[in-house]
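S.K.: Here you go, one structure.
Numbering (the working numbering), first residue to last: 952 to 1058.
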């Protein structure tokens, strides 16, 4: 069981710091785990620093987990995504209330 999801709307992050998107990801992994969960991973994309009139850049952040015996892959992947994509000391994903993530922002 493999699956993929592509979330393009910055509202998924700005409404609640990404909690709803993480809940959905965790539930999808739980369903996929019924087929034998061995490993899982997530790639998130975020704006990368660019200077002046340069075309906006994005960077990918990869979060991977190899499941071990008696562990829950869905919780492991969720925790790894939060660690890899949160600012230090915050449980909100990077980009929460950030103009760089908001397509409608004028900043």
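Cβ atoms here follow ideal geometry from the backbone N, Cα and C, with glycine treated the same way.
In three-state terms, what does DSSP make of residue 1013?
M.R.: Of the three classes helix, strand and coil, the one that applies to residue 1013 here is strand, per DSSP.
S.K.: Can you tell which of 994, 1022, 1021, 983 has its C-alpha closest to the C-alpha of residue 1036?
M.R.: Among 994, 1022, 1021, 983, the Cα nearest to that of residue 1036 belongs to 994.
S.K.: For the beta strand (DSSP E) containing residue 993, list its first residue and its last residue.
M.R.: Run containing residue 993: 990 to 999, per the beta strand (DSSP E) assignment.
S.K.: How many Å lie between residue 1010 and residue 981 at the Cα?
M.R.: Between residue 1010 and residue 981, the C-alpha separation is close to 28 angstroms.
S.K.: Kindly indicate which three-state DSSP category residue 1037 falls into: helix, strand or coil?
M.R.: Residue 1037 falls in the strand class under three-state DSSP.
S.K.: Check the DSSP bridge columns for residue 1005 and list the partner residues they point to.
M.R.: In DSSP, residue 1005 forms no bridge with anything.
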